[in-house]
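Trainee: Sending over a structure as structure tokens; questions will come in a sec.
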Amino acid sequence: MMTFLLPLMTWAALLSGDVGGKNLELDWQGAKTKLELAGKGLRAKKVAFISVKVYDAHLYLADGQTFDRTDAGALNSLDGQKQLAMILKFRREVDAKRVIDSFKEAFTANDIKFDAPGIKEFLKAVEVGGPALEGKTLSIVGVKEAAGGETLIYENAKGEAATIKGSTGLIKQVMSIWFGKMGESTMVDLKANLLKAP
């Protein structure tokens, strides 16, 4: 299946509810789905021996009961979700290059090529989307389409979203940032917290 970047659209038509709350509602192509909060955790970064708080991550799933809360099983169980959302609420401003570098580090740890179909477009969407802003969110929504293939929606801090159509496995690849192999100790801590029931 071809992967391509679709035009920007607004957040309001996609998700509703309070980030960090028990539920969000996903409105995708006229169908509404309740997403349950399945995990949350703090992303910190070591800078000159100091731990800096970067963002709070919130994982929402269409079917939280099937989420495998083990280190080895979590990523594969996410691959079975029909819809999911990872919402990152930033505690400080982070420029787009640093966000991309962090994602690339995770992709490298998981043997995912930056120019792979869907991943290339995802990284471009992050670049074009601009910086993460203090108090604002970056959101990644994944939808498995009934007709086959997967759709990934990346929403920037301004509420604009880029839609990426890809083949099966794209959502799992992107979710490996938080649930795959970790290249940094602070990401290991974040993953451990995301695996706990909220």
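Each residue of the sequence shown is one higher than the one before, counting from 80 in our numbering. A virtual CB, placed ideally from N, CA and C, is assigned to each residue, including glycine. Keep in mind it's a predicted model, so treat the numbers as computed, not measured.
1) Using CA atoms only, rank isn't needed, just tell me which of G109, K119, T112 is closest to A276.
2) On the three-state DSSP scale, how would you describe K246?
3) Can you check whether the CB of F258 is closer than 8 Å to the CB of L103?
4) Taking buried to mean at least 16 other C-beta atoms within 10 Å of its own C-beta, is L85 buried or exposed?
5) So within the segment 184-252, which uninterrupted alpha helix (DSSP H) runs reach at least 4 residues, ignoring any that extend past its ends?
6) Report the three-state DSSP secondary structure of R148 (helix, strand or coil).
7) Starting from V126 and walking both ways along the beta strand (DSSP E), at which residues does that stretch end?
8) Give me the residue from G152, A136, Q162, A153 with the minimum Cα distance to D142.
9) If I measure Cβ to Cβ from A204 and keep anything under 7 Å in the same chain, skipping five residues before and after, which residues do I get?
10) For the beta strand (DSSP E) containing A164, list its first residue and its last residue.
11) How far does the alpha helix (DSSP H) with V267 in it reach, from first residue to last?
12) Between the alpha carbons of G228 and V222, how many angstroms are there, rounded?
13) Excluding the 5 residues preceding and the 5 following P210 in the sequence, name in chain order all residues of the same chain whose CB lies nearer than 8 Å to its CB.
14) Whole angstroms are fine: how far does the CA of T149 sit from the CA of F128?
15) Using only CA atoms, which one of V131, N155, L114, E239 lies nearest to L249?
16) Measuring only between beta-carbons, confirm whether G100 sits less than 8 Å from chain C.
17) Per DSSP, what are the beta-bridge partners of L94 in this structure?
18) Would DSSP call K176 helix, strand or coil?
19) Can you tell me where the beta strand (DSSP E) with A136 in it begins and where it stops?
20) At the level of alpha carbons, what is the spacing between G208 and N189?
Mentor: Walking through what the data contain:
1) K119
2) Residue 246 is actually Ser in this sequence, not Lys. If DSSP states are grouped into helix, strand and coil, S246 belongs with coil.
3) no
4) Because L85 carries a pLDDT of 44, less than 50, the predicted location of this residue cannot be relied on, and the following value inherits that uncertainty. So L85 ends up on the exposed side.
5) 198-208
6) coil
7) 110-126
8) Q162
9) L84, Y233, A241, I243
10) 162-169
11) 264-273
12) 9 Å
13) E172, V173, D174, A175, V178, A236
14) 29 Å
15) N155
16) Chain labels in this structure do not include chain C; a single protein chain is all it has.
17) L105
18) helix
19) 129-140
20) 24 Å
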